[in-house]
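A.B. asks:
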Amino acid sequence: MTEAILIFFTFLCLTQVVTHWSVFAKILKHKANVQHPEKSVSVLVAARNEVENLPTLIDSIASQKHSNFELIIVNDRSTDGSKDVLTYYEAIFDWLVVIHIDTLPTVWTGKKHAIRKGMESSSKEVLLFTDADCIADSEDWISKMTLTPEYVTIGYVPYLRRKGFLNQFIQFETLMTGLQYLGFALIGKPYMSVGRNWAIKKTEYPLQFLEEIKSFEGGDDDLVLNHLSSNIRIAVSLDAQTVSKPKETSSTYFKQKRRHLSVGKHYHQKHQTLLAIYTLCHVVGWFMFLSLLITSFEPYIILIIFGLRSLSFYTIFTSVGRKLGTMPNIWALPLLDLCYSIYYPLVGISAWSAKKIEWS
1 MTEAILIFFT
11 FLCLTQVVTH
21 WSVFAKILKH
31 KANVQHPEKS
41 VSVLVAARNE
51 VENLPTLIDS
61 IASQKHSNFE
71 LIIVNDRSTD
81 GSKDVLTYYE
91 AIFDWLVVIH
101 IDTLPTVWTG
111 KKHAIRKGME
121 SSSKEVLLFT
131 DADCIADSED
141 WISKMTLTPE
151 YVTIGYVPYL
161 RRKGFLNQFI
171 QFETLMTGLQ
181 YLGFALIGKP
191 YMSVGRNWAI
201 KKTEYPLQFL
211 EEIKSFEGGD
221 DDLVLNHLSS
231 NIRIAVSLDA
241 QTVSKPKETS
251 STYFKQKRRH
261 LSVGKHYHQK
271 HQTLLAIYTL
281 CHVVGWFMFL
291 SLLITSFEPY
301 IILIIFGLRS
311 LSFYTIFTSV
321 GRKLGTMPNI
331 WALPLLDLCY
341 SIYYPLVGIS
351 AWSAKKIEWS
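Structure follows, in structure tokens:
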């Protein structure tokens, strides 16, 4: 029995180490694809009650060097003065297209309906998606996300830094998610994108699939990419990023993550299995480590095994973090890692069991 427990614990840690170096480390070696002739681009934003964020977003798009683009903002039933702000900017910029939605059709969820209406108005070759609370972090953002021959480009979206432990955890969780969806895409197993920064040729967008998931809250990004799963590249340069505002309370952050994770149960089975294996090894490994230490079960061996696992993880984590511009404090990594192993099962179970999750 003693030997079996030790073997199982070693297996959990070894599986993580193999994933660190065979999947996550590929992000470090990834180089930007050779750029191709500039494409025409429709930047598409679905916005609801974003009056405080819209000016910053529009100003960041106004600074783009790309020569052929339009910004389509779909104002979905806003009640906060967004319409007046958009009317003002629409009179200034000829590349800004504004669509106002007053009612939501039966069965459709708000964001998917807004996305569909935006695509109907698009006149360009490529659709580039972001959110109203994001800003383009570079004047070359549009170009870096669209100058390749692939159908789909998935990018990374860090959060702005703020004081406090919650922001430290948000930085950690965001990078942890990025390690997975960017790394798995590089080994030919893409399973999701982030709706705040991804691009697709308009002719390749699966409108019929969007109709099929129109009642889901969420999934306009990850489920669409999960449906495609081919001819996909990643963009990891700092110039290809948008930056998003982080949540400032644990309750709003928890609600946001529940919505993000709620569509995971609709992923292809192979992707669910792939993610479940690594996540379970990560989470169960932590709980076995703590329980074995408490029971004084081979403490030195347990510390050595888990220490090597942690050294592997933190080495890759910090290296990729530097490349992507997301770095929690190094001294806090063990605590953040432990908190993640507690947080993820709680949010995951809550998301998978939720009957109704709304887009606010």
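Quick note: the sequence shown uses this note's numbering, first residue 1, plus one each step. No residue lacks a Cβ here, since even glycine has one placed at the ideal position from N, Cα and C.
(1) Provide the residue span of the beta strand (DSSP E) that contains H100, from first to last.
(2) Let's test the definition: count the other Cβ atoms within 10 Å of the Cβ of H36 and tell me whether it reaches 16, buried, or not, exposed.
(3) Go to E362, then tell me how far its beta strand (DSSP E) extends in each direction, as first and last residue.
(4) Applying the criterion that 16 or more other CB atoms from any shown protein chain within 10 Å of the CB defines a buried residue, is P190 buried or exposed?
(5) For D59, count neighbouring C-beta atoms within 10 Å of its own C-beta (all shown protein chains included) and say buried if the count is 16 or more, exposed if not.
(6) Go to V21, then tell me how far its alpha helix (DSSP H) extends in each direction, as first and last residue.
(7) Using the C-alpha atoms, what's the distance from P206 back to I232?
(8) On the criterion of 16 or more Cβ atoms from any shown chain inside 10 Å, does T130 qualify as buried, or is it exposed?
(9) Q269: buried (16+ other C-beta within 10 angstroms of its C-beta) or exposed?
(10) So, is I342 buried or exposed, given that buried needs 16 or more other C-beta atoms within 10 angstroms?
(11) Suppose you measure from the CA of N68 to the CA of N49; what does that come to, to the nearest Å?
(12) Considering only DSSP beta bridges, list what G178 is partnered with.
(13) Can you tell me whether DSSP reads F93 as helix, strand or coil?
(14) Is D84 buried or exposed, if buried means 16 or more other CB atoms sit within 10 Å of its CB?
(15) Could you give the distance in angstroms between the alpha-carbon of Q256 and the alpha-carbon of T242?
(16) Taking the alpha carbon of S78 as the reference point, which residue from L71, L86 and E298 has its own alpha carbon closest?
(17) Roughly how far, in whole angstroms, is the beta-carbon of S42 from the beta-carbon of S123, given that I think they are within contact range, below 8 angstroms?
(18) In three-state terms, what does DSSP make of I187?
(19) What are the start and end residues of the beta strand (DSSP E) that includes L257?
(20) Cβ of D221 less than 8 angstroms from any chain D Cβ?
C.D. replies: By the coordinates alone:
(1) L96 to I101
(2) exposed
(3) As shown, the chain starts at 1 and ends at 360. That puts residue 362 outside it, with no answer to give.
(4) buried
(5) exposed
(6) The displayed chain sequence assigns Trp, not Val, to residue 21. Counting along the chain, W21 falls outside any alpha helix (DSSP H), and DSSP gives it neither H nor E.
(7) 14 angstroms
(8) buried
(9) exposed
(10) exposed
(11) 28 angstroms
(12) DSSP lists no partner for G178.
(13) coil
(14) exposed
(15) 18 angstroms
(16) L86
(17) 7 angstroms
(18) coil
(19) Note on residue identity: the sequence assigns Lys, not Leu, to residue 257. Note, K257: premise wrong, no beta strand (DSSP E); alpha helix (DSSP H) at S250 to L261.
(20) No chain D is present in this structure, which holds just one protein chain.
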